[in-house]
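Engineer: Chains as they are written, first to last, in my numbering: chain Y, 1 to 217; chain C, 218 to 434; chain S, 435 to 696. Provided herewith is a single structure, encoded as structure tokens, for subsequent inquiry.
Right under this line is the structure:
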């Protein structure tokens with residue numbers, strides 16, 4: 001945690017670190033979802049340092065059948081990837097994603113926060129209704145903050161569930177991100193003059209009207 | 218565990234015991250149900266001795282935050298009983314918010330500050346007291362300043378907890394109608410001839426009525 | 435994106451056939467950019483060294499072939515064809531100093547950038563989907579613990595529920611039979627109720643319009659509705675014998691006064 005200030009003096013001393021580690025272990029084991037450091041500390045006795053306990057716990061599970069993994073600012077226990085073959089029984093049938101949905105997902109992940117117009121600009125075709133809907137529904141994508149460009153279009157960003165699903169600690173760990181950035185392929189380079197693909201941009205401007213209606217008085 | 222007979226000779230050597238222990242660990246972790254020795258061995262490579270791996274695994278978890286426990290003739294990983302107090306959050310029962318409450322919440326979010334009369338005007342049905350009480354109780358909605366119109370009606374606004382829950386930076390980040398349509402969220406058209414009054418939803422779930430009593434002045 | 439050694443290799447017969455075979459499956463492409471990307475592969479060079487001029491030729495030939503085979507191409511394919519024909523002319527002809535706007539080289543460079551970026555995103559998508567995935571290669575806790583000690587009910591809703599709820603209400607209006615927006619309509623009942631409260635003070639002749647409720651002159655529609663309702667309410671009160679009305683001439687202001695019971 002960024003918060004490095006010393007905790008206020010407490011009447012009761014925090015439990016020993018070994019005990020804190022046990023607590024974190026129990027909570028992470030009990031939960032299917034990642035648990036944030038803040039939530040861990042909210043459950044643990046006053047004065048505990050979940051972040052430090054996590055460092056110990058993570059080391060303890062290195063090379064074991066399950067691992068302590070980080071998902072965004074939360075932590076979870078997951079099986080080791082090399083043992084997936086044992087788990088056929090647990091495999092859940094994931095909804096098959098269309099090629100359009102997969103590409104849209106990748107574009108949002110690598111370009112986030114990313115507007116619909118940007119997705120269309122990159123793919124060269126308009127994004128069909130169901131595509132983003134499906135990604136929202138799977139909770140791999142959510143609405144981000146509006147872009148400060150004309151029309152203030154909404155943006156899309158990936159969710160912690162997305163990171164969890166693909167085993168990423170954060171969106172910065174996306175494979176090949178650095179190389180793509182260095183190659184300038186994540187830039188939003190405006191077309192010189194008028195390109196046919198530029199068209200969706202206008203659409204977004206029209207969106208302003210629709211939007212302002214909502215916030216009338 | 219009573220089963221101590223030696224495994225049948227195999228053409229392929231079984232994995233080392235440390236590896237078998239990892240496998241048992243992963244399977245017990247990921248399974249929804251306790252797993253029997255027989256089931257463990259059915260999943261593991263030929264020649265494995267799940268019973269022996271369990272002995273090792275059980276010893277490894279002695280004194281930890283979780284334990285390997287026997288349930289009938291099967292095995293499971295469970296949190297240590299002395300840490301049960303940490304699991305209180307796991308007992309929270311999550312129920313889906315009623316349609317009336319979701320719609321009321323949506324109107325407040327999109328139109329805040331918003332009076333009760335305005336909510337009723339937009340929904341086309343009266344808002345039961347329990348609905349708003351529930352939203353207030355959940356701390357997703359709070360009282361805003363009074364409107365400077367006759368009667369000085371109270372208004373409702375959404376709270377930081379609301380924004381936090383829905384992953385929004387501000388209520389302004391809510392997507393507009395046009396964007397909802399673009400995302401395919403407006404596709405489900407109501408049957409023609411459906412009047413605004415004609416949608417007498419299960420307006421309030423029975424439970425909510427009960428709740429309103431609790432919050433009566 | 436490895437460099438390819440066959441950089442300037444002329445297009446082989448096999449590649450030409452492959453390019454033409456694409457025509458059979460025009461529906462399989464996700465738009466002109468996707469088609470261009472597929473065509474560009476026949477050049478067998480790094481996308482950064484692609485000959486856009488050659489690509490334009492291939493694309494235009496593709497569109498021509500489709501015409502011959504009477505395959506109907508979607509409008510965006512034809513728009514792209516027109517644009518590529520324009521680009522081709524810009525690349526081939528010496529620049530016209532009287533014409534401004536981007537040069538052919540700039541346009542070509544941007545198209546190459548678009549193709550490279552699309553390919554990069556496809557590669558990235560493939561790498562992403564190839565990762566160890568939760569529920570397939572990596573597994574979460576199968577049995578999250580429920581110690582049923584304290585039963586607190588929390589109510590859950592997702593952002594999607596919220597937006598769908600809002601969308602549901604907002605689109606309901608699109609389907610209701612036409613009714614006047616009530617907030618711009620003053621009903622006679624409302625006006626009557628208001629007038630009953632006010633006529634006690636109407637001792638002397640007063641202009642009818644001064645009885646319009648406050649705020650109802652903000653728009654013509656509201657003013658008309660309020661005037662009509664107030665007038666109708668006045669007539670009703672005259673009928674009841676509680677009010678007198680007068681008008682000096684046609685279109686002159688209508689005035690009213692309380693009528694004392696005899």
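We put the CB at the ideal spot given by N, CA and C, even for glycine. As the structure is a computational prediction, the values presented were derived from the model and not from experiment.
Kindly list the residues whose CB is nearer than 8 Å to the CB of residue 484/S, restricted to its own chain and excluding five residues on each side of it in sequence; keep chain order.
Structural biologist: Around residue 484/S: 474, 477, 546, 549.
Engineer: If you pair each beta-carbon of the stretch 128-146 of chain Y with each one of the stretch 154-171 of chain Y, do three or more pairs fall below 8 Å?
Structural biologist: Yes: at least three Cβ pairs fall under 8 Å.
Engineer: Which residue comes first and which comes last in the beta strand (DSSP E) that contains residue 296/C?
Structural biologist: 291-296 is the span of the beta strand (DSSP E), which, as asked, contains residue 296/C.
Engineer: Take residue 522/S and list the residues in its own chain whose beta-carbon comes closer than 8 Å to its own, dropping the five residues that flank it on each side.
Structural biologist: The answer, listed in chain order, is 487, 490, 491, 494.
Engineer: Residues bridged to residue 288/C by DSSP?
Structural biologist: DSSP, once it has assigned bridges, lists 291/C as partnering residue 288/C.
Engineer: Compute the Euclidean distance between the alpha carbons of residue 526/S and residue 591/S, then round it to the nearest angstrom.
Structural biologist: Each residue's Cα considered, the two are about 60 Å apart.
Engineer: Among 22/Y, 128/Y, 87/Y, 61/Y, which has the Cα closest to the Cα of residue 396/C?
Structural biologist: Nearest of 22/Y, 128/Y, 87/Y, 61/Y to residue 396/C, Cα basis: 128/Y.
Engineer: Would you give the residue range spanned by the beta strand (DSSP E) that residue 158/Y belongs to?
Structural biologist: Its beta strand (DSSP E) spans residues 155-158.
Engineer: Going by C-alpha distance, which of 281/C, 390/C, 312/C is nearest residue 297/C?
Structural biologist: Minimum Cα distance to residue 297/C is reached at 281/C.
Engineer: Below 8 Å, can you find three or more Cβ-Cβ pairs linking the stretch 69-78 of chain Y to the stretch 104-113 of chain Y?
Structural biologist: Result no; under three Cβ-Cβ pairs closer than 8 Å.
Engineer: Quick one: complete alpha helix (DSSP H) runs, 4+ long, within the stretch 470-509 of chain S?
Structural biologist: With a minimum length of 4 residues, the continuous alpha helix (DSSP H) runs that stay inside the stretch 470-509 of chain S are 486-502.
Engineer: Along chain C, which residues have their Cβ under 8 Å away from the Cβ of residue 146/Y?
Structural biologist: Correct list: 389, 390.
Engineer: Along the chain, which unbroken stretches of the beta strand (DSSP E) at least 3 residues long are found entirely within the stretch 305-363 of chain C?
Structural biologist: Listed in chain order, they are 310-313, 358-360.
Engineer: Can you check whether the C-beta of residue 244/C is within less than 8 Å of a C-beta belonging to chain Y?
Structural biologist: For residue 244/C, the answer is yes, since a Cβ of chain Y falls inside 8 Å of its Cβ.
Engineer: Compute the beta-carbon to beta-carbon distance between residue 23/Y and residue 303/C, rounded to the nearest angstrom, for a pair I have assumed lies under 8 Å.
Structural biologist: Their Cβ separation, rounded to whole angstroms, is 6 Å, which keeps residue 23/Y and residue 303/C in contact under 8 Å.
Engineer: From the DSSP output, which residues share a beta bridge with residue 568/S?
Structural biologist: Answer is 572/S.
Engineer: Comparing alpha-carbon positions, which option in 17/Y, 169/Y, 177/Y lies nearest residue 45/Y?
Structural biologist: When each option's Cα is compared against that of residue 45/Y, the closest is 17/Y.
Engineer: According to DSSP, is residue 237/C part of a helix, a strand, or is it coil?
Structural biologist: In the structure shown, residue 237/C sits in a helix (DSSP, three-state: H, G or I).
Engineer: Any beta-carbon of chain C closer than 8 Å to the one on residue 166/Y?
Structural biologist: Not closer than 8 Å to any Cβ of chain C, the Cβ of residue 166/Y fails to qualify, so no.
Engineer: According to DSSP, residue 640/S sits in a beta bridge with which residue or residues?
Structural biologist: Partner(s): 690/S.
Engineer: What number of angstroms, rounded off, separates the C-alpha of residue 673/S from the C-alpha of residue 655/S?
Structural biologist: Approximately 27 Å, taken between the alpha carbons.
Engineer: Looking at chain Y, is there any beta carbon in it that lies within less than 8 Å of the beta carbon of residue 294/C?
Structural biologist: With 8 Å as the cut-off, residue 294/C counts as an interface residue toward chain Y.
Engineer: Please identify, using Cβ separations under 9 Å, the residues of the stretch 121-139 of chain Y that lie next to chain S, in order along the chain.
Structural biologist: Answer in chain order: 121, 122, 123, 124, 125, 126, 133, 136, 137, 139.
Engineer: Please say whether residue 50/Y and residue 62/Y have beta carbons closer to each other than 8 Å?
Structural biologist: Cβ atoms of residue 62/Y and residue 50/Y: not closer than 8 Å.
Engineer: At the level of alpha carbons, what is the spacing between residue 666/S and residue 618/S?
Structural biologist: Distance between the alpha carbons of residue 666/S and residue 618/S: 17 Å.
Engineer: Pull up the distance between the alpha-carbon of residue 350/C and that of residue 332/C, whole angstroms please.
Structural biologist: Roughly 14 Å separates the two Cα atoms.
Engineer: Since residue 679/S is in the beta strand (DSSP E), which residue starts that stretch and which ends it?
Structural biologist: Where residue 679/S is concerned, the enclosing beta strand (DSSP E) stretches over 677-681.
Engineer: Quick one, which residues of the stretch 310-330 of chain C are near chain S if we go by CB-CB under 9 Å, in chain order?
Structural biologist: Correct list: 310, 311, 312, 313, 314, 315, 316, 318, 319, 320, 321, 322, 323, 324, 326, 327.
Engineer: Would DSSP call residue 37/Y helix, strand or coil?
Structural biologist: Helix, per DSSP.
Engineer: Are the beta-carbon atoms belonging to residue 572/S and residue 59/Y less than 8 Å from one another?
Structural biologist: No, the Cβ-Cβ distance between residue 572/S and residue 59/Y is not below 8 Å.
Engineer: Shortest alpha-carbon distance to residue 387/C belongs to which of 168/Y, 188/Y, 145/Y?
Structural biologist: Per the Cα distances, 145/Y.
Engineer: Quick one: is residue 468/S near chain A, going by C-beta distance under 8 Å?
Structural biologist: Annotation note: the requested chain A is absent from the structure, which comprises protein chains Y, C and S.
Engineer: Counting only Cβ pairs nearer than 7 Å, list the residues of chain Y close to residue 240/C.
Structural biologist: Neighbours of residue 240/C on chain Y, chain order: 65, 83, 86.
Engineer: Less than 8 Å between the C-beta atoms of residue 577/S and residue 248/C, yes or no?
Structural biologist: Closer than 8 Å, so yes.
Engineer: Can you list, in chain order, the residues of its chain whose CB lies under 8 Å from that of residue 392/C, leaving out five sequence neighbours each side?
Structural biologist: Once the five neighbours on either side are set aside, the close Cβ partners of residue 392/C are 400.
Engineer: Would you say residue 253/C lies against chain S (beta-carbon separation less than 8 Å)?
Structural biologist: Chain S, which has no Cβ nearer than 8 Å to the Cβ of residue 253/C, makes this no.
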